[in-house]
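In the numbering used here, the protein residues as written are 1335 to 1517. Remarks on the structure that follows.
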């Protein structure tokens, strides 16, 4: 039997850009090992640094994600209206700073135009097919959303239906959604 503390698991975050709108949706489940600790966590947040709305969703350790969100807000205040620059600056700091490099989380961020995934490996990724997904159910949600992108469904419907599919497949994802739309 392992003496390791069971890992925190759980979340699926998706970002969908379609027809001039960007939707970020996230589930509410937080699990510790095989136990659901909370089903109503809010892992998608609206930030408003410098008056321009930015929506961010996070997967991973909650405390680590909040640290990163605070850093992102500071970067956005330093570079108002420049989400890409702020994201790259955050990723650089995250990768090179001794304290930040230990943080275990990922972010999806959007300003209603740009959509990025930011990782602790120093990556700022723009999705190739206007869909980004992270977390334990991210691949399920990504596949489902990509399959719906050529339909007449709007961005929010694609995000909601993809999250429902992920929740049906991933035991660390539930159907209690937080959805934010920009654009």
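The C-beta atom is built at its ideal place from N, Cα and C for all residues, glycine as well.
CB-CB under 6 Å to residue i, same chain, minus the five flanking residues each way: which ones, in chain order?
i	result
residue 1512	1360, 1376 and 1378
residue 1471	1346, 1500, 1504 and 1507
residue 1392	1377, 1399, 1439 and 1441
In three-state terms, what does DSSP make of residue i?
i	result
residue 1338	Here residue 1338 scores only 48 on pLDDT, less than 50, and its place in the model is too uncertain to base an answer on.
residue 1505	coil
residue 1439	strand
residue 1424	helix
residue 1372	strand
residue 1460	coil
residue 1511	coil
residue 1487	coil
Keeping to the same chain, check which residues put their C-beta closer than 8 Å to that of residue i; ignore five residues upstream and five downstream.
i	result
residue 1429	1435, 1454, 1455 and 1456
residue 1387	1380, 1381, 1445, 1446 and 1516
Across which residues does DSSP place residue i in a beta bridge pair?
i	result
residue 1480	DSSP lists no partner for residue 1480.
residue 1389	1380 and 1444
residue 1434	In the DSSP output, where bridge partners are listed per residue, residue 1434 has none listed.
residue 1400	Note: residue 1400 sits in no beta bridge, so no partner.
Around the Cβ of residue i, are there at least 16 other Cβ atoms within 10 angstroms (buried) or fewer (exposed)?
i	result
residue 1460	exposed
residue 1374	exposed
residue 1452	buried
residue 1484	exposed
residue 1351	buried
So, for residue i: in the same chain, excluding its five sequence neighbours on each side, which residues have a beta-carbon less than 7 Å away from its beta-carbon?
i	result
residue 1353	1488 and 1489
residue 1480	1463 and 1465
residue 1421	1443, 1450, 1452 and 1458
Is residue i near the ligand ZN, in the sense that its beta carbon is under 7 Å from a heavy atom of that ligand?
i	result
residue 1352	The ligand ZN is absent from the structure shown, which contains no ligands of any kind.
State the Cα-Cα distance for the pair residue i and residue j, rounded to the nearest angstrom.
i	j	result
residue 1349	residue 1446	11 Å
residue 1427	residue 1417	15 Å
residue 1491	residue 1408	32 Å
residue 1473	residue 1467	7 Å
residue 1527	residue 1394	A question about residue 1527 goes unanswered here, because the residues of the chain that appear run from 1335 up to 1517.
residue 1482	residue 1476	10 Å
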